[in-house]
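Only one structure is covered here, and it is reproduced in the block below.
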Amino acid sequence: MIGSKIIQLIKVDSTNNYARGIIGNREAEEGTVVLAYNQFSGRGQKENQWESEPGKNLTFSIILYPDFLKNEQQYLISKIISLGICTLLQRYINNNIRIKWPNDIYIKNKKIGGILIENSVMHEEIYYCIAGIGLNINQDMFGKHLYNPVSLKIITGKEFETEELLRQLLAIIDEYYSRLRKGKIKSIDDEFNSRLYLIDKMARFSDKKGEFNGMILGVNEFGQLLIDKEDKNKVCYSFKEVEFID
Ligand code: BTN
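Quick note: the sequence shown uses the working numbering, first residue -13, plus one each step.
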């Protein structure tokens, strides 16, 4: 059960680093959560930093051993975590909550959360997975250098109890994880695609050949983004091969 053990830390560089330190040979129980009050050197995608004011937000990592998945299916973990965050936020926000491929949670054109999944793979199978989640809850102000951040408080005008939101979120993610374990991949893929930011809308992107217009058609089970380019070519992109131009 995800969250049956929660390690609460007052101060840590990164909950993902701490989680890696306690896994050893899978000694930490599956579903263990590492939660930080003050994460002072949080890491994001693409070597970015994840900044979070102490005590205001949720910054935590979940330890998983999804050995029922093949290496090439690892993006499914990211999908269920994103869907779990959307389900939680939808309880409090009327606006449509979207997943910006690959790992960002968006409300309109602002980012409220991000996910950093770090896997260890052995013999083509996932040996362990650390799912790091940063979700902005009660923070009012963000550094000017950050790109379009937002929090639940900024959107709703209300303060939230982070512990209560964590409790709900872990229960939701636990349900999605059971669905994944039962092999209900098609329903997860479909739900994920229905939440995808800019799906079926013409938008601007860039890849190694330059900028182009195109329409997102979905994300496959391997986590690749499928774009229908204006020149009528359909292209599948892996992580870092394509950028959104806002
Ligand atoms: C991103 O949007 O780039 C991903 C951000 C992930 C941040 C979380 S906060 C908890 C966990 N520990 C980290 O160092 N990073 C993740």
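We put the beta carbon where it would ideally sit given N, CA and C, even for glycine.
Model, not experiment: these values are computed from the prediction.
Keeping to the same chain, check which residues put their C-beta closer than 8 Å to that of residue i; ignore five residues upstream and five downstream.
i    : result
F225 : P88 and G209
K172 : none
L55  : L62, I63, E111, I112 and L166
Y114 : I9, R12, I49, L50, Y51, N105 and S106
V136 : I93, K96, K97, I98 and N122
D126 : S137, K139 and I140
Would DSSP call residue i helix, strand or coil?
i    : result
S192 : strand
L241 : For residue 241 there is no data in the structure shown, the boundaries of the chain being -13 and 232.
N81  : coil
Q125 : coil
E216 : coil
E39  : coil
K226 : coil
E111 : strand
K32  : helix
N248 : The displayed coordinates of the chain run from -13 to 232. Any statement about residue 248 would go beyond what the structure contains.
N199 : strand
Spatial neighbours of residue i within its chain, please: CB distance less than 7 Å, with the 5 preceding and 5 following residues excluded, ordered by chain position.
i     : result
N179  : I185, G204 and V205
D175  : E207
D(-1) : F26 and S27
What is the residue span of the alpha helix (DSSP H) that residue i lies within?
i    : result
R167 : T148 to R167
Q76  : Y61 to Q76
L138 : L138 to T142
How far does the beta strand (DSSP E) with residue i in it reach, from first residue to last?
i     : result
Y4    : Counting along the chain, Y4 falls outside any beta strand (DSSP E), though it belongs to the alpha helix (DSSP H) covering T1 to I9.
K172  : First-last for K172: I171 to S180, but that is the alpha helix (DSSP H), not the beta strand (DSSP E).
A22   : V19 to Q25
I103  : K96 to M108
F230  : E229 to I231
K(-3) : I(-8) to V(-2)
D90   : D90 to I93
Among residues of its own chain, excluding the 5 on either side of residue i, which ones have a beta-carbon nearer than 6 Å to its beta-carbon?
i     : result
V228  : F191 and D193
K(-3) : N24
G41   : Y23
K(-9) : E15 and T18
Are there any heavy atoms of the ligand BTN lying less than 7 Å away from the beta-carbon of residue i, as far as the coordinates show?
i      : result
D90    : yes
Q210   : no
S137   : no
G28    : yes
I71    : no
G204   : no
W36    : yes
L102   : yes
G(-11) : no
E31    : Going by the sequence as given, residue 31 is Gln instead of Glu. Yes - the ligand BTN has a heavy atom lying nearer than 7 Å to the Cβ of Q31.
G41    : no
F46    : yes
I119   : yes
N2     : yes
Q60    : no
Q25    : yes
My understanding is that residue i touches residue j, with C-beta atoms under 8 Å, so please give their C-beta distance in whole angstroms.
i     : j    : result
R29   : L102 : 6 Å
G118  : N2   : 4 Å
S47   : A14  : In fact, because the Cβ distance is near 11 Å, the residues do not count as touching under 8 Å.
E177  : I231 : At roughly 27 Å, the Cβ-Cβ gap does not stay under 8 Å, so E177 and I231 are not in contact.
E37   : G143 : With 8 Å as the limit, E37 and G143 do not qualify as a contact, their Cβ atoms being about 22 Å apart.
I(-7) : G70  : In fact, because the Cβ distance is near 20 Å, the residues do not count as touching under 8 Å.
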